[in-house]
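Letter by letter, the sequence shown follows residues 1 to 632 of the UniProt record's numbering. For each residue, glycine too, the CB sits at the ideal point set by N, CA and C. The structure under discussion appears below in the form of structure tokens.
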Amino acid sequence: MIPKTKIRLGDLLVQQGIITDDQLMQTLAEQKQSGRKLGHVLVEQGFVTESQLLSFLSQHLNVPLIDISQYNVSAAAVSKLPEVQARRHRAIVLDDKGDHLLVGMSDPADLAAVDVLSGLLHKPIKVAVVSDSQLLQAYDNFYRRTDDIASFAQELAEEYQDGTEFDFDVGIGGEQDTAVARLLQSIFEDALQTKASDIHIEPDENQLRIRMRVDGVLQENVIKEKNVSSALVLRLKLMSGLDISEKRLPQDGRTSMRIKGHAIDVRVSTMPIQNGESVVMRLLDQSAGLLTLDQTGMPASLLRRFRSLLKRPHGMILVTGPTGSGKTTTLYGALSELNQPSTKIITVEDPVEYRLPRINQVQTNNKIGLTFASVLRTTLRQDPDIIMVGEMRDQETAEIGLRGALTGHLVLSTLHTNDAVSSAVRLLDMGAPGYLVASSLRAIVAQRLVRKICENCKESHQLGSEELLWLANLDANLAGINFKRGKGCSNCSKTGYKGRLGVFELLEMTESMMTALKSNNTAMFAEVALNSPGFVPLAKVALTYAKMGITSVDEVLKLIEMVADERSVNNAEEQAVPLETELAEVSGITVEKSVMTPLPNKQDPTNSPSSSEFSFELEPLAKPSGDFDGTL
Numbered sequence: 001m002i003p004k005t006k007i008r009l010g011d012l013l014v015q016q017g018i019i020t021d022d023q024l025m026q027t028l029a030e031q032k033q034s035g036r037k038l039g040h041v042l043v044e045q046g047f048v049t050e051s052q053l054l055s056f057l058s059q060h061l062n063v064p065l066i067d068i069s070q071y072n073v074s075a076a077a078v079s080k081l082p083e084v085q086a087r088r089h090r091a092i093v094l095d096d097k098g099d100h101l102l103v104g105m106s107d108p109a110d111l112a113a114v115d116v117l118s119g120l121l122h123k124p125i126k127v128a129v130v131s132d133s134q135l136l137q138a139y140d141n142f143y144r145r146t147d148d149i150a151s152f153a154q155e156l157a158e159e160y161q162d163g164t165e166f167d168f169d170v171g172i173g174g175e176q177d178t179a180v181a182r183l184l185q186s187i188f189e190d191a192l193q194t195k196a197s198d199i200h201i202e203p204d205e206n207q208l209r210i211r212m213r214v215d216g217v218l219q220e221n222v223i224k225e226k227n228v229s230s231a232l233v234l235r236l237k238l239m240s241g242l243d244i245s246e247k248r249l250p251q252d253g254r255t256s257m258r259i260k261g262h263a264i265d266v267r268v269s270t271m272p273i274q275n276g277e278s279v280v281m282r283l284l285d286q287s288a289g290l291l292t293l294d295q296t297g298m299p300a301s302l303l304r305r306f307r308s309l310l311k312r313p314h315g316m317i318l319v320t321g322p323t324g325s326g327k328t329t330t331l332y333g334a335l336s337e338l339n340q341p342s343t344k345i346i347t348v349e350d351p352v353e354y355r356l357p358r359i360n361q362v363q364t365n366n367k368i369g370l371t372f373a374s375v376l377r378t379t380l381r382q383d384p385d386i387i388m389v390g391e392m393r394d395q396e397t398a399e400i401g402l403r404g405a406l407t408g409h410l411v412l413s414t415l416h417t418n419d420a421v422s423s424a425v426r427l428l429d430m431g432a433p434g435y436l437v438a439s440s441l442r443a444i445v446a447q448r449l450v451r452k453i454c455e456n457c458k459e460s461h462q463l464g465s466e467e468l469l470w471l472a473n474l475d476a477n478l479a480g481i482n483f484k485r486g487k488g489c490s491n492c493s494k495t496g497y498k499g500r501l502g503v504f505e506l507l508e509m510t511e512s513m514m515t516a517l518k519s520n521n522t523a524m525f526a527e528v529a530l531n532s533p534g535f536v537p538l539a540k541v542a543l544t545y546a547k548m549g550i551t552s553v554d555e556v557l558k559l560i561e562m563v564a565d566e567r568s569v570n571n572a573e574e575q576a577v578p579l580e581t582e583l584a585e586v587s588g589i590t591v592e593k594s595v596m597t598p599l600p601n602k603q604d605p606t607n608s609p610s611s612s613e614f615s616f617e618l619e620p621l622a623k624p625s626g627d628f629d630g631t632l
């Protein structure tokens with residue numbers, strides 16, 4: 001039980017020899033200036049570790065020390081304490097024990113906070129000490145804005161009469177506008193809290209779906225008040241400078257906002273669908289800053305090779321991968337290192353993601369003819385040292401970029417391809433001459449993002465026969481490896497994953513590859529590239545991470561696009577079903593099984609089974625019953 005007397009934490013720590021008198025005086029001086037709790041300042045100053053402080057509080061106050069990440073926190077219990085009060089008093093209700101509530105606090109010695117919590121919860125409480133960092137994470141995990149979103153949506157729906165459309169003249173600045181603003185604020189706060197990269201607003205026939213992409217996977221929240229969607233779309237169009245009267249055509253816009261101290265850049269895309277207009281918003285937290293190349297997750301050996309390529313005065317370097325694979329992050333990380341007063345850098349983008357000082361960034365606009373190709377021509381006359389092209393979209397852009405790389409410029413760009421090997425082939429398919437690709441292209445980086453297993457609920461995973469069959473194509477020696485997966489916990493919202501990791505492959509051009517490209521021999525190029533020294537395919541890199549217990553086998557299989565097939569892997573070992581049998585099953589008819597009959601070999605009258613030459617004829621199918629005549 002916590003003693004009902006004032007506890008001087010600093011004096012107790014000195015008495016126990018955990019800190020010195022000088023350290024205490026230094027900490028008290030810092031605390032007086034900052035106004036923060038003494039324990040937080042002690043940890044920040046490095047005089048004690050957080051675990052030391054928590055263990056001391058637990059022993060001295062005779063209260064349990066709880067690891068929130070390992071505790072089965074009750075979401076219903078958490079909701080008993082409003083988020084504002086929880087954050088104010090650094091507390092969270094962990095569980096309802098019936099006769100009392102178990103409350104975790106980062107500072108259980110704060111008797112005033114304990115008394116306030118007892119009054120707010122209207123039930124006896126027992127206190128436990130918890131980590132402050134885990135407490136903050138728990139707030140983000142449990143205090144989602146789903147209830148607020150539903151409440152504000154209902155409030156907005158009540159402003160309508162018999163499902164009438166949102167009144168623009170009355171709504172803006174009026175009660176409806178206030179309700180819409182609160183609803184959108186809650187949506188954006190929830191997205192920021194969960195670190196979502198995209199928000200999807202999708203009107204359905206009888207409801208409104210709000211989906212957020214977290215770690216590459218959509219999480220859905222359904223609102224039954226479907227009629228509020230028009231108000232949301234109207235408000236978003238106004239914010240992003242779109243035409244509010246146009247509902248028949250897709251539109252693209254952009255807006256910025258500040259949410260909880262974060263400067264958020266929002267790219268808005270609208271599209272007419274059957275039940276209204278769908279809106280997708282790509283979120284970019286400008287306050288988070290740019291990631292450096294060291295922070296992208298590139299292995300040290302690959303990073304050294306990539307940096308060496310960036311130091312070359314000319315040539316083209318491509319970064320490839322599907323949408324959302326982190327290509328732009330890698331390119332901006334490279335530009336940040338190349339950005340020097342002595343270097344002229346021009347970028348051509350659609351849209352400009354980050355604003356970088358000293359770099360001339362051009363936003364394309366196809367409506368006025370400001371295309372990638374037209375801007376790139378002008379860019380070459382601006383005396384640049386380095387050019388970054390947002391994407392190689394067509395033959396003209398590709399050829400201009402390649403010629404720029406050939407005439408003394410370092411050109412960085414992206415392509416939407418599956419891997420590094422197919423990227424060079426893609427340039428040829430776009431119509432770029434083989435000699436030009438061979439002369440200009442220096443290297444290709446292909447990348448993906450895979451989800452990392454949550455460290456708090458990681459457990460061993462025994463591979464099944466299907467998984468072993470697929471992975472055997474990458475590595476035949478998988479015996480004895482302890483693969484991991486996430487069980488799902490409160491820290492990862494029951495998904496088993498927390499965060500993402502970049503997976504990279506780097507292909508540097510060699511003389512043999514250039515020769516193959518010059519002759520447009522794509523088969524030879526692929527063979528040479530896959531067998532080139534130092535090249536490790538994406539799938540093998542991902543499998544290595546799985547062996548290390550960083551990601552799961554499921555993520556590896558998704559990366560190599562094998563999981564999507566609904567058929568069992570065992571089907572690969574079984575005899576394929578004949579096409580005529582499948583067609584008959586679809587048509588609801590019965591046919592006799594086809595029989596493959598060996599014909600006598602003219603050169604082997606004995607028709608010996610050991611003969612290597614056989615001919616076959618297909619016996620005719622039985623005529624189907626009914627009126628079906630075999631015509632599809």
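Quiz item: Measuring CB to CB, does residue 505 end up less than 8 Å from residue 528?
Solution: no
Quiz prompt | Alpha-carbon spacing of residue 39 relative to residue 68, whole angstroms | solution = 19 Å
Quiz item: Quick one: is residue 241 buried, meaning 16 or more other Cβ sit within 10 Å of its Cβ, or exposed?
Solution: The residue is exposed, with fewer than 16 neighbouring Cβ atoms inside 10 Å.
Quiz item: Which of the three DSSP states, helix, strand or coil, is assigned to residue 500?
Solution: Of the three classes helix, strand and coil, the one that applies to residue 500 here is strand, per DSSP.
Practice problem: Kindly indicate which three-state DSSP category residue 365 falls into: helix, strand or coil? | Solution: strand
Quiz item: Candidates 499, 450, 487: which alpha carbon is nearest residue 539's?
Solution: Residue 539 has its Cα closest to that of 450, out of 499, 450, 487.
Exercise. Give every residue of the same chain whose Cβ lies closer than 6 Å to the Cβ of residue 380, excluding the five residues on either side of it in the sequence, and list them in chain order.
Key: 404
Quiz item: Is it a yes or a no for the stretch 301 to 310 touching the stretch 347 to 355, going by three-plus beta-carbon pairs under 8 Å?
Solution: no
Quiz item: Ordered along the chain, which non-local residues of its own chain (more than five positions away) have a Cβ less than 7 Å from that of residue 422?
Solution: none
Quiz prompt | For residue 20, the three-state DSSP class (helix, strand or coil) | solution = coil
Practice problem: Determine the contact status of residue 443 and residue 511, defining contact as a CB-CB distance below 8 Å. | Solution: Between residue 443 and residue 511, the C-beta spacing is not below 8 Å.
Quiz item: Exposed or buried, which one is residue 556 when buried takes at least 16 other CB atoms within 10 Å?
Solution: buried
Quiz item: Would the stretch 267 to 283 and the stretch 229 to 245 be scored as touching if the rule is three or more Cβ pairs under 8 Å?
Solution: yes
Exercise. Would you mind reading off the limits of the beta strand (DSSP E) that contains residue 200?
Key: Under the DSSP assignment, residue 200 falls in the beta strand (DSSP E) whose first and last residues are 198 to 203.
Quiz item: Contact check, residue 180 vs residue 263 under 8 Å by CB: the rounded distance?
Solution: In fact, because the Cβ distance is near 22 Å, the residues do not count as touching under 8 Å.
Practice problem: Could you give the DSSP three-state label for residue 483: helix, strand or coil? | Solution: strand
Quiz item: Cα-Cα, which of 362, 25, 90, 106 is closest to residue 54?
Solution: Considering only alpha carbons, the answer is 106.
Practice problem: Would you kindly report the start and end of the unbroken alpha helix (DSSP H) that includes residue 558? | Solution: 553 to 559
Self-check item: When 358, 384, 395, 360 are compared against residue 373, the one with the closest alpha-carbon
Solution: 395
Self-check item: Buried or exposed by the 16-neighbour rule on C-beta atoms within 10 Å, applied to residue 134
Solution: buried
Exercise. Mind listing, in chain order, the continuous beta strand (DSSP E) runs of no fewer than 3 residues lying wholly within the stretch 382 to 415?
Key: 386 to 389, 410 to 415
Self-check item: Sequence-distant residues of its chain with Cβ nearer than 7 Å to residue 78 (five each side left out)
Solution: Excluding positions up to five away in sequence, the list reads 92, 93, 142.
Self-check item: Residue from 59, 265, 50, 546 whose Cα sits closest to the Cα of residue 188
Solution: 265
Self-check item: Close beta carbons around residue 564, own chain, < 6 Å, minus the five adjacent residues each side
Solution: Its pLDDT being 37, under 50, residue 564 is placed unreliably in this model, and the value from its coordinates should be taken loosely. Closer than 6 Å at the Cβ level, and outside the excluded window around residue 564, lies no residue.
Practice problem: Kindly indicate which residue of 211, 288, 236 has the alpha-carbon position closest to the one of residue 261. | Solution: 288
Self-check item: Between the CA atoms of residue 368 and residue 378 - distance to the nearest angstrom
Solution: 15 Å
Self-check item: Length at least 3, wholly inside the stretch 50 to 111: the beta strand (DSSP E) runs in chain order
Solution: For the stretch 50 to 111, whole beta strand (DSSP E) runs of length 3 or above, ordered along the chain, are 91 to 96, 101 to 105.
Quiz prompt | Close beta carbons around residue 319, own chain, < 6 Å, minus the five adjacent residues each side | solution = 327, 330, 331, 414, 445
Quiz item: If we call anything under 8 Å between Cβ atoms a contact, is residue 129 one with residue 51?
Solution: no
Quiz item: Hey, how far is the Cα of residue 468 from the Cα of residue 560?
Solution: 14 Å
Exercise. Could you tell me which residues DSSP pairs with residue 281 in its beta bridges?
Key: Secondary-structure assignment with DSSP links residue 281 through a beta bridge to 199, 268.
Quiz prompt | residue 274 - DSSP class collapsed to helix/strand/coil | solution = coil
Exercise. Could you tell me if residue 308 is buried or exposed, where buried requires 16 or more neighbouring beta carbons within 10 angstroms of its beta carbon?
Key: exposed
Practice problem: Return yes when the Cβ of residue 284 is within less than 8 Å of the Cβ of residue 336, no when it is not. | Solution: no
Exercise. Give the single residue among 258, 339, 250, 278 whose Cα lies nearest to the Cα of residue 210.
Key: 278
Quiz item: Would the beta-carbon of residue 434 fall within 8 Å of that of residue 428?
Solution: A contact, by the Cβ cut-off of 8 Å.
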